[in-house]
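Colleague: Got a structure for you, questions after.
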Amino acid sequence: MSIIIDKNTKVIVQGITGREGSFHAKLMKLYGTNVVAGVSPGKSEEDVHGLPVFDTVKEAVNKTGADASILFVPPRFTKDAVLEAIDAGLKIVVAVAEGIPFHDMLYCRNYAFKNNCILIGPNTPGIISPNKSKVGFMADTIYKEGSVGLISRSATLSYEAVNNLSAEEIGQSTVIGIGGDPVQGATFKDLLPMFDEDPDTKVVVMIGEIGGSDEEEAAAYIKDNMKTPVIAFIAGEAAPEGKRMGHAGAIVSPGGEGSAEYKKQVLTEAKIEIAEKLTDIPTLCKKILN
Amino acid sequence: MSIIIDKNTKVIVQGITGREGSFHAKLMKLYGTNVVAGVSPGKSEEDVHGLPVFDTVKEAVNKTGADASILFVPPRFTKDAVLEAIDAGLKIVVAVAEGIPFHDMLYCRNYAFKNNCILIGPNTPGIISPNKSKVGFMADTIYKEGSVGLISRSATLSYEAVNNLSAEEIGQSTVIGIGGDPVQGATFKDLLPMFDEDPDTKVVVMIGEIGGSDEEEAAAYIKDNMKTPVIAFIAGEAAPEGKRMGHAGAIVSPGGEGSAEYKKQVLTEAKIEIAEKLTDIPTLCKKILN
Amino acid sequence: MKIYEYQAKQIFADNEIEIPVGKVALSVEEAVRISAELDYKVALKAQVHVGGRGKAGGIKFASNKTEVEELAVELFNKKIKGEIVERLLVEAQQEIKEELYLGLTLNRTKKTDTLIFSRSGGMDIEEVAAENPDQIVTIDIDPVLGLQGFHLTPIAKILNFDKNLLNKLIPIVKKLYFVYKNYDCLLVEINPLAILEDGRIKALDGKLEMDDNARYRQEKLLDMWDEKKEDQLELIGRQEGFVVIKLNGDVAIISNGAGLAISTLDSLQRHGKTAANILDLSGGATAEKVKRAVKVVLKDSDVKAILFNIFGGITRCEEIAQGVSESLNEVPASIPIVCRMQGTNRDQGIEILKCAGLNAATDLEEVVENVVKAIQGGEVG
Amino acid sequence: MKIYEYQAKQIFADNEIEIPVGKVALSVEEAVRISAELDYKVALKAQVHVGGRGKAGGIKFASNKTEVEELAVELFNKKIKGEIVERLLVEAQQEIKEELYLGLTLNRTKKTDTLIFSRSGGMDIEEVAAENPDQIVTIDIDPVLGLQGFHLTPIAKILNFDKNLLNKLIPIVKKLYFVYKNYDCLLVEINPLAILEDGRIKALDGKLEMDDNARYRQEKLLDMWDEKKEDQLELIGRQEGFVVIKLNGDVAIISNGAGLAISTLDSLQRHGKTAANILDLSGGATAEKVKRAVKVVLKDSDVKAILFNIFGGITRCEEIAQGVSESLNEVPASIPIVCRMQGTNRDQGIEILKCAGLNAATDLEEVVENVVKAIQGGEVG
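Chains as they are written, first to last, in my numbering: chain X, 1 to 290; chain U, 1 to 290; chain A, 1 to 381; chain R, 1 to 381.
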């Protein structure tokens, strides 16, 4: 099994007539994702890789019964596109764009939450349930089906971790990039319960980084609720205070709030195993899986 | 059993230092309602009938663990008070005031819905689960505990129907006034599933009236989903088109939309028994209960 | 609460929606004077609250002074669906290229706001809906979310994504949405919203209906309100703090709740009668209030009998009975009073009525039978 | 992106929040001229982006021309926590009765907006929070709901429901919330918000930090932005379309993702080194882009080696390798280049590197070990 998406998830691509949208719609189809339509206002005459294109999400949903949407839409139009998807009743929305104003995301996150919609991103490669469905743009060849659930703020570190796992023949149930922004849709804490309920996920890997307190929130949740074991990695122990380290959200506040050291301490107190290096992750997973 | 409220429901009274708020807080306590506090900004020094008074709903909830709120607040402040209650996490909010601008209620209804809050009213006497709890201002002596669930747009017609039922020794599980406004919180359709899940409610009486299409929406729901039998009464067959009949929501559109005749036809088609007169209700209930 | 077209347009103009140049005239002379400023190429539009004005001949076009005079005289002497014409809007004629429809109202079923747009403006939207449903888009707007960019795509679609046109139209849609929300409208409508030959877009007609419950915060609209257009009995009722509904029968129904009053009316109808009016005392009425209510309904010359239907809750029956008893002197002998009392302090109420020589029925059907008999001259009770 | 106090105050004034009369001076002469208009009773305030200016002596009060001159000279020659003073805000002195604090920012944990108010204004809010937590109210605002009346009750409470004061204060809170939302602020703060002896309330200081992601829609703020205050390497990087982070070590890390770059930095630290800078190519970089990236990091004279860490996804390794290979001429021999490649088209990339005389490590730890050796003059790979 997997969480959030599987072979049955019907996916639409918002912004399908754009370069990125068209390209990744094709790759997702090739991977086996059940892509059912695209949306692009004013382009409903077109057909992209044999997929019908609609002017609005509502039409696409009415005609195809779609469950999920992925947005290849520029940052300045992302808020509107996310709200359109939620308003049309979609319960899974993946926003990949980087550089979305945080007030936009603050609104989207809270609106999604109130409408029982799982919003993934922004600034994420998306979500993949290996061999079932991929709603994102990750290089899918590195993923293997299996029983590790993985959640990561960083895209590249999730690739790195997955690559290490797959190299050791350790597969993944679902891998989710939650994005590196200070405000995003689903956080660690929002997704952990889903993995905990998935009988096929035997261990969850949480790849966090400096900035904010999402890892600390997750630690509290894990301590009180999780039955499935969790392994955590925190990037950024070498980051100086007050510097935004590439991700909008990766910043240690002056005073040390959000530091890797503090996060690791909180996680350790919650009895969560820490992977000091990315290469430690497969070893720790094996220990649990065997 | 009952729905929404029972002996354990902890209730706060917003506007408790006002004339109405204070008076009905006392009556609710006397009835046995678990009233735990009042809210009145700037009046937290006071104590009303032995109840602590807080400046904000949030404080009241934090200190007392309240579940529900009833608002004795003037129409112009009702929107803010409803939003405060929802924002503080309350899941049951009863707004009694009459004459609230409909745009205010449109916002409150949709905000409540998104926050999984059951909003009752406005323009309602409230909700009562006889012998358990009363969150409202109805004259409680006419109610008897039993197995009829009752939902009414009109306050006086619910009194009338309850009086008729109780006179024949037919008790009620929960009686809810949803109010006579065109936009309200919970509608028939929102409440029917709760009665359907309540093992002690054996029959539901729905007292509708002209205007809108809430009865038609309910009919469709009942037809497809309800196991518990429903009896309906519709007031206003004599109302001329285009006249607002006292309740803001009681108006037959020019063209006949929202007429009693049409509603009864839809209900009949959904195989719902119609009580032509209020006095028919006990007879019809008996037929089902025996 | 409705306001006139010229007032609705004033609101539009205040919110930067373009309207034709024009002024309202209260007399033929004034109409001529205003027309002169517009070179007599004017539209003369009867200002009434009823719909279907155009078809009823309420809009005329003049091109010289004589025509203005003749048409103004004609319109001021006209009744539009029974409504007399007291005001004329005199407007510069417009060169129209295309007529659109734009409106906002409540979707009562879904409990959302609804934006309605059609490329077939100028005609009744219900007709378009029936004949050319493809020509209309209906967009529900979650009131929590408010109007967003994506809501406008269906409008863009109906206009074939014509960028030039959309750049002019979309700001108008946003402004009308602002008006709808900020002026507490039940309904706001521009029909036609005209694309002119010169490419400008103007609101050629306007309709705005305000939510009565929002009166307290809409002073500007309240100032525009024409009291004379209201039923005078209902107006007096409102001034006295009651909701009164004027009907065309002969019984005055006084009750302590709208639902109870409506049911009483239904029962009356089953007995082949109807009410002259309905007055809702609402909850907790005092004897004093009851006396004022009786005075109000007696101003209605259609009234041949008064029916009290009271179900005491917060309302106490003895207060009502006291009020009825004290009103008896004021009520002519020719107008019988019948009562029904139930609920809080019912027995005391009945006792007081008895002392005043009145019987009380126990249920709704009985009191209705009583009033029918009373009007027919029979014995009551 | 931060702006100066005087600019933040200009935004406040544009939104009808009162501020003291004043102007910014770029020289002592200008400071004197502005002071003259204010009768020399002025506050001279160094305009810097760093915090703690007051304690560092960045604010001076003058009462005559000589004092203005002396103090302006002093301030223009001062460094505040390392930041040189190029602008002075010259303001009329105010008679202060009470100092409040008012701020809005993101609650990153709860993902809501947060309104912070304190009666102990004028001092660092973190200090108040630590010493007098009762003096602060922190109000989370659901961004979907927006600021509502009830949110203000905790502020009213801290002011003992003083109606007179609240009537003046609450509009300021609403206006600051408007600024926070409409100017895409990460943070906006008035400290102190002063109640003056004459009863007026004015913003005596102002802090506003804009969300970098909202640059495209905040032209007004962007115009205020002082580029010189940015790190010049980071600025050049941004102009070339890269996110560059300047650090104080000697390795340039070029990678195709922020997370990967951070992890590389962590590994470097475990080897006792740190980076001179970090450059994120982000996804899908071309050879051309890689060449530009190399040019950017070479502008940093601290750089003693360049480390490429690439995990190909959308990014194709052979494009990166091609870019590295074509850059070799530009890179001085004294600056070694080490590479690591993984993911999409890795083998082709490694082949290209080999032709250019470079070895590629397969994992992160290896490439970091290689760069450490390279700097120490050892053999690579």
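Heads up, the beta-carbon is just placed ideally off N, CA and C, and yes, glycines get one too.
Quantities reported herein were computed from a predicted structural model and do not represent experimental measurements.
Would you please state the rounded distance, in angstroms, between the beta carbons of A/A73 and A/Y40? I believe it to be under 8 Å.
Modeller: Within the third sequence, numbered from 1, the residue matching residue 73 of chain A stands at position 73. Within the third sequence, numbered from 1, the residue matching residue 40 of chain A stands at position 40. Per the sequence shown, residue 73 of chain A should be read as Val rather than Ala. Their Cβ separation, rounded to whole angstroms, is 15 Å, which puts A/V73 and A/Y40 out of contact at 8 Å.
Colleague: If you check the beta carbons only, do X/K243 and X/E217 fall under 8 Å apart?
Modeller: Looking up residue 243 of chain X in the first sequence gives position 243. Looking up residue 217 of chain X in the first sequence gives position 217. Not closer than 8 Å, so no.
Colleague: So, under 8 Å CB-CB, R/A203 and R/E18 are touching, yes? Tell me the CB distance rounded to an integer number of Å.
Modeller: Position 203 of the fourth sequence holds residue 203 of chain R. Position 18 of the fourth sequence holds residue 18 of chain R. Confirmed, about 7 Å.
Colleague: For X/V96 and X/I127, which I take to be in contact (beta-carbon distance under 8 Å), what is that distance rounded to the nearest angstrom?
Modeller: The residue labelled residue 96 of chain X in the question sits at position 96 within the first sequence. The residue labelled residue 127 of chain X in the question sits at position 127 within the first sequence. With a Cβ gap of about 11 Å, X/V96 and X/I127 do not count as contacting.
Colleague: For a contact meaning CB atoms closer than 9 Å, what does U/E84 contact in chain R?
Modeller: Residue numbering aside, residue 84 of chain U sits at position 84 when the second sequence is read from its first letter. The contacting residues are Q148, G149, F150, H151 and T153.
Colleague: Between U/T17 and chain R, is any beta-carbon pair separated by less than 8 Å?
Modeller: Stepping through the second sequence from its first residue, residue 17 of chain U is reached at position 17. Closer than 8 Å: no.
Colleague: Beta-carbon of R/G381 versus every beta-carbon of chain X: anything under 8 Å?
Modeller: Here residue 381 of chain R corresponds to residue number 381 of the fourth sequence, with the count starting at 1. Because the pLDDT of R/G381 is 43, which lies under 50, any placement of that residue in the model is unreliable, and the question is left without a value.
Colleague: Excluding the 5 residues preceding and the 5 following X/V73 in the sequence, name in chain order all residues of the same chain whose CB lies nearer than 7 Å to its CB.
Modeller: Translated into positions along the first sequence, residue 73 of chain X becomes position 73. Q14, G15, A81 and A97.
Colleague: Tell me whether U/Q172 sits in a helix, a strand or coil according to DSSP, three-state version.
Modeller: Locating residue 172 of chain U in the second sequence gives position 172, where the first residue counts as 1. Reduced to three states, the DSSP call for U/Q172 is strand.
Colleague: Could you please give the first and the last residue of the uninterrupted alpha helix (DSSP H) stretch that includes U/F137?
Modeller: By 1-based counting over the second sequence, the position of residue 137 of chain U is 137. Counting along the chain, U/F137 falls outside any alpha helix (DSSP H), and DSSP gives it neither H nor E.
Colleague: According to DSSP, is R/I84 part of a helix, a strand, or is it coil?
Modeller: The residue labelled residue 84 of chain R in the question sits at position 84 within the fourth sequence. Reduced to three states, the DSSP call for R/I84 is strand.
Colleague: What three-state label does DSSP hand U/K144 in the structure shown?
Modeller: Stepping through the second sequence from its first residue, residue 144 of chain U is reached at position 144. Coil at U/K144, not helix or strand.
Colleague: In chain A, which residues lie with their C-beta within 7 Å of the C-beta of X/D55?
Modeller: The sequence position of residue 55 of chain X within the first sequence is 55, counting from 1. The contacting residues are T153 and K157.
Colleague: Who are A/K45's beta bridge partners in DSSP?
Modeller: Here the question's residue 45 of chain A lines up with position 45 in the third sequence. Partner(s): A/I59 and A/L89.
Colleague: Count the other CB atoms, across all protein chains shown, that sit within 10 Å of the CB of U/R109; report buried if there are 16 or more and exposed otherwise.
Modeller: On the second sequence, position 109 is the one that residue 109 of chain U refers to. Label assigned to U/R109: buried.
Colleague: Taking the C-alpha atoms as reference points, what is the distance between U/P125 and A/V297?
Modeller: Taking the second sequence and counting its residues from 1, the one referred to as residue 125 of chain U is at position 125. Taking the third sequence and counting its residues from 1, the one referred to as residue 297 of chain A is at position 297. In this model, U/P125 and A/V297 are separated by some 27 Å (Cα to Cα).
Colleague: Rounded to whole angstroms, what's the CA-CA distance from U/P193 to U/A220? Just pull it up for me.
Modeller: Along the second sequence, read from residue 1 onward, the residue named residue 193 of chain U stands at position 193. Along the second sequence, read from residue 1 onward, the residue named residue 220 of chain U stands at position 220. Approximately 13 Å between the Cα atoms of the pair.
Colleague: Can you find a C-beta in chain U that's less than 8 Å from the C-beta of R/D142?
Modeller: Position 142 of the fourth sequence holds residue 142 of chain R. Yes, contact with chain U.
Colleague: By the criterion of Cβ-Cβ separation under 9 Å, what are the contact partners of X/T279 in chain R?
Modeller: Position 279 of the first sequence, counted from the start, is the residue given in the question as residue 279 of chain X. Within chain R, the residues near X/T279 are D363, L364 and E365.
Colleague: Quick one, are the C-beta atoms of U/E241 and U/P254 less than 8 Å apart?
Modeller: As a position in the second sequence, residue 241 of chain U is number 241, starting the count at 1. As a position in the second sequence, residue 254 of chain U is number 254, starting the count at 1. Yes.
Colleague: What does the alpha-carbon distance come out to for the pair U/P292 and R/Q135?
Modeller: With chain U represented from 1 up to 290, any question about residue 292 of chain U goes unanswered, as that position is not in the structure.
Colleague: What are the complete alpha helix (DSSP H) segments, minimum 4 residues, inside the region 93-131 of chain R?
Modeller: 125-131
Colleague: Spell out a yes or no on whether the region 34-48 of chain R and the region 231-251 of chain R are touching, meaning 3 or more CB-CB pairs, one atom from each, closer than 8 Å.
Modeller: no
Colleague: Rounded to the nearest angstrom, what separates R/V380 and R/N370 at their Cα positions?
Modeller: Within the fourth sequence, numbered from 1, the residue matching residue 380 of chain R stands at position 380. Within the fourth sequence, numbered from 1, the residue matching residue 370 of chain R stands at position 370. In this prediction, R/V380 scores a pLDDT of 49, lower than 50, which makes its location untrustworthy; the coordinate-derived value is nonetheless stated afterwards. Their Cα atoms are separated by approximately 6 Å.
Colleague: Could you please give the first and the last residue of the uninterrupted alpha helix (DSSP H) stretch that includes R/I320?
Modeller: Counted from its first residue, the fourth sequence places residue 320 of chain R at position 320. Start and end: C317 to S327.
Colleague: On the DSSP bridge assignment, give the partners of A/S255 in chain order.
Modeller: Looking up residue 255 of chain A in the third sequence gives position 255. For A/S255, which the question treats as bridged, DSSP gives the partners A/D280 and A/N309.
Colleague: Look up U/S44 in the DSSP assignment and say whether it is helix, strand or coil.
Modeller: By one-based count along the second sequence, residue 44 of chain U stands at place 44. U/S44: coil per DSSP, three-state reduction.
Colleague: Does the Cβ of U/G18 lie closer than 7 Å to at least one heavy atom of the ligand NAD?
Modeller: Annotation note on the ligand NAD: not contained in the displayed structure, which lists no ligands.
Colleague: Just verifying my parser: in three-state terms, what is the DSSP assignment at U/G21?
Modeller: Residue numbering aside, residue 21 of chain U sits at position 21 when the second sequence is read from its first letter. It is helical.
Colleague: If we count the other Cβ atoms within 10 Å of its Cβ and call it buried at 16 or more, is R/G82 buried or exposed?
Modeller: Here residue 82 of chain R refers to the residue found at position 82 of the fourth sequence. Exposed is the call here.
Colleague: Helix, strand or coil: how does DSSP classify A/L208 here?
Modeller: The residue labelled residue 208 of chain A in the question sits at position 208 within the third sequence. For A/L208, the three-state secondary structure derived from DSSP is strand.
Colleague: Which same chain residues end up closer than 6 Å to X/S152 when comparing Cβ atoms and leaving out the 5 residues on each side of it in sequence?
Modeller: In the first sequence, the residue the question calls residue 152 of chain X occupies position 152. So the qualifying residues of the chain are S158, G177 and I207.
Colleague: Give me the chain U residues within the contact set of X/K114, using Cβ-Cβ distance strictly less than 7 Å, ordered along the chain.
Modeller: Residue numbering aside, residue 114 of chain X sits at position 114 when the first sequence is read from its first letter. Simply K114 and N115.
Colleague: Is there contact between the region 263-283 of chain X and the region 27-38 of chain U, where contact requires at least three CB pairs shorter than 8 Å?
Modeller: no
Colleague: Just mark A/A258 as buried or exposed, buried being the case when its beta carbon has 16 or more other beta carbons within 10 Å.
Modeller: Counting from one through the third sequence, the residue named residue 258 of chain A turns up at place 258. Counting Cβ neighbours within 10 Å, A/A258 comes out buried, since at least 16 surround it.
Colleague: From A/G343 to U/S22, what does the alpha carbon distance come to, in whole angstroms?
Modeller: Locating residue 343 of chain A in the third sequence gives position 343, where the first residue counts as 1. Locating residue 22 of chain U in the second sequence gives position 22, where the first residue counts as 1. Cα to Cα, A/G343 sits roughly 23 Å from U/S22.
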